[in-house]
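Right, one structure below, let's go through it.
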Amino acid sequence: MENDMKDLLILGIESSCDETAASVIRGGREVLSNVISSQIALHTQYGGVVPELASRKHIENINGVIEQALLDAGVTLDDLDGIGVTYGPGLVGALLVGVAEAKAIAYAKGLPLVGVNHIEGHVCANLIEHADLEPPFLCLIVSGGHTHLARMKDYGDFEIIGRTRDDAAGEAFDKVARAIGLGYPGGPKIEKAARLGDPHAMEFPRGKVDGSPFDFSFSGMKSAVLNYLNQAQMKGETVKQEDVAASFQKAVIDVLVGRAIYAAKELGEDKLVMAGGVASNGALRAAMKEACEKEGIAFYYPSPIYCTDNAAMIGVAASYHYMKGRRDDWTLNAVPNLKLS
Ligand code: KG4
Ligand code: ZN
26 MENDMKDLLI LGIESSCDET AASVIRGGRE VLSNVISSQI ALHTQYGGVV
76 PELASRKHIE NINGVIEQAL LDAGVTLDDL DGIGVTYGPG LVGALLVGVA
126 EAKAIAYAKG LPLVGVNHIE GHVCANLIEH ADLEPPFLCL IVSGGHTHLA
176 RMKDYGDFEI IGRTRDDAAG EAFDKVARAI GLGYPGGPKI EKAARLGDPH
226 AMEFPRGKVD GSPFDFSFSG MKSAVLNYLN QAQMKGETVK QEDVAASFQK
276 AVIDVLVGRA IYAAKELGED KLVMAGGVAS NGALRAAMKE ACEKEGIAFY
326 YPSPIYCTDN AAMIGVAASY HYMKGRRDDW TLNAVPNLKL S
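Residues in the sequence shown are numbered consecutively from 26, following the numbering used here.
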């Protein structure tokens, strides 16, 4: 397939949450441009993403972001072979902006349209920097909305092995960050504070789901932090923010590493791929790397810029679907709760 797709030029578009992004991908994996317009500054004022504001910002930004992506790549719409766009999961109003834009360009230019699952996009981010990586492999997807252990059997073909029963890992980071006064977005702020704290200062529970060894549960871990904070407040004790951040982060990392390695060993997988916003966490990357080395598992993870939301990952996933002949028609619509398999 790689040879046939050598000159393929795909424009990827992403607008599922608070990033408006566009990217041009050549030959399936080569990033010619990767433009991301983040709305973090806007949503920070409200302590989290406000869906209505996100949609409005996407509308304001999307044309400029696409123009910049084409410019950076040195191509025009006439050079493209197809358009890939995230159609779910995500915020419905936000997704609709990308989907409508992609349809409009595809219609105007007579280009094929390929809808992409955002979670699959996260996994495909790993293909950008690892030329040798091919499915099948086990993947741990940890983002703000999702926590999955899955097997990518082939391009576009996933089997879910485990999932969170409640909060996603990133969501837990965001909620704990808010509780200890670090604000939004929580993940990077907890990581920064944790560098100055003691990961063994408090013992927070390592959430698990009885009878489902591949599933996750983070809400109890988050509640344990909230209880700790309440009790400290009632006793008039001062809480060291850095220690809570470090201890909570350590608990989440123990769970993610423990579960992923257990799954790889149980299922006989020798390749583990990590993806999603939380995968940019340096302490998690280091811990997973060490555990994989110990077990002889090849470990792959993207550069931080390809972990958090971007359109390069969408362009890569779309390229493989395109090569398999998958096309969407004008009925392509936003699917806010789109599943991976
Ligand atoms: O993949 P992503 O950009 O968006 C979704 O698809 O959800 O992930 C965003 C999530 C947020 O919850 C954010 O707090 C978390 O990823 N995150 C991190 C880090 N950077 C982003 N979590 C832990 N450590 C980080 N460095
Ligand atoms: Zn994402």
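Glycine residues also receive a C-beta, built at the ideal position from the N, C-alpha and C atoms.
Endpoints, the beta strand (DSSP E) within which residue i is located
| i | result |
| --- | --- |
| glycine 107 | 107–113 |
| lysine 296 | 296–300 |
| asparagine 59 | 55–63 |
| leucine 163 | 162–167 |
| serine 242 | Serine 242 -> no beta strand (DSSP E), and no H or E assigned at all. |
| leucine 138 | 138–142 |
| serine 48 | 44–51 |
Contact belief for residue i with residue j at Cβ below 8 Å, rounded distance in angstroms
| i | j | result |
| --- | --- | --- |
| phenylalanine 239 | serine 366 | So it is not a contact: roughly 15 Å between Cβ atoms. |
| isoleucine 185 | alanine 202 | Not confirmed; about 28 Å, so no contact. |
| lysine 247 | lysine 200 | 5 Å |
| glycine 232 | valine 280 | 6 Å |
| arginine 351 | valine 56 | Not a contact, Cβ separation roughly 21 Å. |
| alanine 342 | cysteine 149 | 4 Å |
| glycine 113 | proline 361 | 6 Å |
| glutamate 267 | alanine 219 | 7 Å |
| isoleucine 371 | isoleucine 91 | The requested residue 371 is not part of the displayed model; the chain covers only 26 to 366. |
| alanine 300 | asparagine 151 | 6 Å |
| alanine 289 | leucine 163 | 5 Å |
Reduced DSSP secondary structure (H/G/I, E/B, other) of residue i
| i | result |
| --- | --- |
| threonine 189 | strand |
| isoleucine 328 | This sequence places serine at residue 328; isoleucine is not what is there. In the structure shown, serine 328 sits in coil (DSSP, three-state: anything other than H, G, I, E or B). |
| leucine 78 | helix |
| arginine 176 | strand |
| alanine 343 | helix |
| aspartate 182 | strand |
| glycine 37 | strand |
| alanine 226 | coil |
| aspartate 334 | coil |
| aspartate 353 | strand |
| alanine 312 | helix |
| alanine 156 | coil |
| alanine 359 | coil |
Residue burial classification, residue i (beta-carbon count within 10 angstroms, cutoff 16)
| i | result |
| --- | --- |
| glutamate 196 | buried |
| asparagine 88 | exposed |
| aspartate 103 | exposed |
| methionine 338 | buried |
| arginine 284 | buried |
| threonine 172 | buried |
| glutamine 258 | exposed |
| alanine 270 | buried |
| isoleucine 65 | exposed |
| arginine 51 | buried |
| asparagine 255 | exposed |
| lysine 275 | buried |
| serine 237 | exposed |
| histidine 225 | exposed |
| serine 294 | For the record, residue 294 in the displayed sequence is glutamate; it is not serine. Buried, since its Cβ has 16 or more Cβ neighbours within 10 Å. |
| methionine 177 | buried |
| glycine 135 | exposed |
| methionine 26 | exposed |
| asparagine 86 | buried |
| alanine 193 | buried |
| asparagine 252 | exposed |
| glycine 211 | buried |
| threonine 111 | buried |
Boundaries of the alpha helix (DSSP H) in which residue i is found, first to last residue
| i | result |
| --- | --- |
| alanine 204 | 194–204 |
| glycine 99 | That residue, glycine 99, is in no alpha helix (DSSP H); it is neither H nor E in DSSP. |
| glutamate 216 | 211–219 |
| leucine 120 | 117–134 |
| lysine 290 | 266–292 |
Proximity test, residue i beta-carbon vs the ligand ATP heavy atom, cut-off 8 Å
| i | result |
| --- | --- |
| histidine 155 | Among the ligands present in this structure, namely the ligand KG4 and the ligand ZN, the ligand ATP is not found. |
Lining residues of the ligand KG4 - beta-carbon closer than 5 Å to any non-hydrogen atom, in sequence order: With 5 Å as the limit, the residues whose C-beta approaches any heavy atom of the ligand KG4 more closely are Ser168, Gly169, Gly170, Gly195, Phe198, Asp199, Pro210, Gly211, Gly212, Pro213, Glu216, Gly301, Gly302, Val303, Ser305, Asn306, Thr333 and Asp334, in sequence along the chain.
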